[in-house]
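These notes are about the structure you will find just below.
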Amino acid sequence: MSGLRWDPAGTLAGQPSPPPDGKTMLRDRLLDDVRAALGRLGIDPVPAAVVLERPARPEHGDWSTNAALVCSKAVGRNPRELGQSLADELAAAELPHVEGIEIAGPGFVNFRLAPTWLHELLVEIVEAGDDWAKPNLGEGATVNVEFVSANPTGPLHAGHGRWAAYGDSLARLLERTGHVAHREFYVNDRGVQIGHYANSLIARRDGTALPEDGYQGQYIIDWAAEMPADADPRAWGLEKAHAEQDASLKAMHVTFDTWSSEAALVASGAMERVLAELRATGAVYEEGGAVWLRTTDHGDDKDRVLIKSDGEPTYLLPDIAYHADKYARGDTLINILGADHHGYVARMRAALIFLGHEADSFQAIIGQNVKLVRDGDEVKLSKRTGTMVELADLVDEVGPDVARFAYLLQSIDTSQVIDIDVLRTQASENPVFYVQYANARIHSIERKAVEVGAVRQPLAEVDLSGLTHEREIALLKTLSTLPEILEIAVADRAPHKITTWVRELASDFHGFYRDCPVLRSDVDPDLAQARRWLTEAARVGLSIGLDLLGVDAPEQM
RNA sequence: GCCCCCGUAGCUCAGUGGAUAGAGCGUCGGUUUCCUAAACCGUGCGUCGCAGGUUCGAUUCCUGCCGGGGGCACCA
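Quick note on numbering: the first sequence equals residues 1 to 557 in my numbering.
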């Protein structure tokens, strides 16, 4: 094989031009070829179930298709025999980069690719840099992501950190895939809890007994001591809680575009307007002195009260007004909620449908709760009882990177145990450092190169064909999966899939670093240049992955 | 009773329609004249909770059951 080079016209010598949209489309091209070959074998239409997938085992090649398994019944041929015909047909087509086509197992057709496709990929990654792997799935669609939304009656606790990390990372994922994300925090600065909170501050300031429904946390005592004598405890308390929460979130590198005040919304008359709108749909009725919404029309298991028989609105009514208002800041609403709120979803969706919104424009993500462990015992997180671990303290102790990575290690569907002692004392063996260390090693190579005067030649002048070591191939293969990982992660609302990928990438880089020296004197100069650029591609991958998690990529550790 | 999530290696968890189910931690052992050993390599006898069903094929989808967590207000 001759060396693969990048020429100024933007085509790869000896290879077809890359697709104009710049997407990594080898897989799509291969699938098209498979479908065309099936057509020539008389299979029409080709079932949608025919797909290309990555085999679990390397000896099964780089790509595999289930086509023969899926189609055998329809054409009355056994899968292996049909697979053989398909393999022959595809072999005759002499597809680019395809080095071998074999039939295996029950009838899989496996493709083995030449390393040239990975060399082409390397060029694509390096040329695009941080703009690589940006599939435009959203096409500019606006998405409102509401998360955390803790009551403004105290500081955030360590459990809130999970929602902060998850919500922000999901927003980053949406932004990378062609959506416009709007991060929003809803402040319930109205209602009975606020009264209890203000009264607790007053009691602590005056040294009187805490009211029955008061907040017992130490922070109330501290804050009351800070409160100026002439301050309005309610207004001051709300501002104080907001400032503390905002500071904790910023320490985690999470910032919001909008903090929405429930009190301001209600004062604007939005609640009355939304009630009138609901009445206009005929979905509102009175019974037992209360005003009800017929949410059972749209999947709820019982109707819900909007206005209690004492004339006071329930929490639901302002919440409906709020969600309706959010559509001004996003065509799709994503709400990230704790498991204890799952019952709330059906009634809210029903209300929004009555207001004319599409059922799937409101997406609730129900995350499982966080258990906090310290000294081997669970720490209950409650503002009321006073035992709590503040998010600010946790982040202060272990840093934002350790915290975010820990929160994003697992699926949001799994209840999570955060062991503070593990985060703190095992800091050096924490998975986040494993990934960051890979990045630090990349930069250390460049620092060393400068030190010894090893110049990196322009990519266009570098022969990449020497990149055939299994470590080099493994690293490139993992890089190649990022676009599809991104698609899956955003579709599943699953940032932890990025965490998994970035750990895999770091692992591949550490293996490469160990076995494939870049600057050592006994390395062939052409190969050394190719490895310099492979290192750069790895840097791009780590940078994109860590950025999606909101974790820094330090150049030195 | 009804609804949601989970049940995979000693522990913490990935994987979610494919061919012999994977990582990290822990255990035990090995690797360094030149880019950071925060690394690398080897070491795992797992009924993928149990039973049916759908499918050419199920840890993955469906149903039932068992176990764990969370909900089921004219509270928020």
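By construction, the Cβ of each residue, glycine as well, lies at the ideal position given by its N, Cα and C atoms.
In this structure, the alpha-carbon of Val148 lies about 41 Å from that of Val123. Judged by pairs of C-beta atoms under 8 Å, the stretch 314-324 does not touch the stretch 364-378, as fewer than three such pairs exist. Per DSSP, Asn335 lies in no alpha helix (DSSP H) segment; the continuous beta strand (DSSP E) that holds it begins and ends at Thr332 to Gly338. With contacts defined by Cβ atoms closer than 8 Å, Arg329 and Thr258 form a contacting pair. Here Gln556 is exposed, its C-beta having fewer than 16 other C-beta atoms within 10 Å. Out of Asp401, Glu102, Tyr186 and Arg539, the CA that lies nearest to the CA of Leu475 is found in Arg539.
As the crow flies, the alpha-carbon of Ser64 is around 6 Å from that of Leu52. For the set Gly289, Leu355 and Ile220, the Cα lying nearest the Cα of Leu275 is the one of Leu355. Counting only unbroken stretches of 3 or more residues, the beta strand (DSSP E) elements lying wholly within the stretch 49-94 are 63-65, in sequence order. Put simply, the backbone Cα of Ser361 is about 5 Å away from that of Thr332. Per the Cβ contact rule, the stretch 179-186 is in contact with the stretch 137-145 (3 or more Cβ pairs under 8 Å). Just measuring C-alpha positions, the residue of Gly217, Leu210 and Arg205 sitting nearest Asp232 is Arg205. Assigned with DSSP and collapsed to three states, Lys497 falls in helix.
Under DSSP, no beta-bridge partner is assigned to Lys134. The residue among His157, Asp222 and Ala528 with its C-alpha nearest the C-alpha of Ser465 is Ala528. Going by DSSP, Lys371 is part of the beta strand (DSSP E) stretching over Val370 to Arg374.
Lys326 sits buried, since 16 or more C-beta atoms from the chains shown fall within 10 Å of its C-beta.
Where Arg183 is concerned, the enclosing beta strand (DSSP E) starts and stops at Val180 to Val187. Here DSSP, grouped into helix, strand and coil, assigns Thr296 to helix. Within the stretch 110-163, complete beta strand (DSSP E) segments of at least 3 residues are found at 142-146, given in chain order. In the DSSP annotation of this structure, the continuous segment of the alpha helix (DSSP H) that includes Ser543 starts and ends at Pro525 to Leu549. Lys497 counts as buried, since at least 16 other C-beta atoms from the protein chains shown sit within 10 angstroms of its C-beta. About 6 Å separates the beta carbons of Val98 and Leu113, which is inside the 8 Å limit, making them a contact pair. Residue pairing from DSSP places Thr258 in a beta bridge opposite Glu184. Bridge pairing for Ala290: Glu287 [DSSP]. Residue burial annotation: Ser309 is exposed, with fewer than 16 other C-beta atoms found within 10 angstroms of its C-beta. Beta bridge pairing from DSSP links Asp419 with Val373. Apart from sequence neighbours up to five positions away, the residues of its chain that approach Asn78 with a beta-carbon distance below 7 Å are Ser72, ordered along the chain.
Burial check for Tyr219: the Cβ neighbour count within 10 Å reaches 16 or more, so the residue is buried. Judged by DSSP in its simplified three-state form, Glu102 adopts strand.
Taking all protein chains shown into account, Thr499 has 16 or more neighbouring C-beta atoms within 10 Å of its C-beta and is therefore buried.
In this structure, Ile442 sits near Thr535, with a CB-CB distance shorter than 8 Å. When the beta-carbon positions are compared, His242 and Pro152 come within less than 8 Å of each other. For the pair Pro96 and Asn66, the Cα-to-Cα distance works out to about 21 Å. For Glu287, the closest alpha carbon among the candidates Ala198, Arg273, Leu278 and Asp303 is that of Asp303. Annotation for Gln363: the continuous beta strand (DSSP E) segment containing it runs Phe362 to Gly367.
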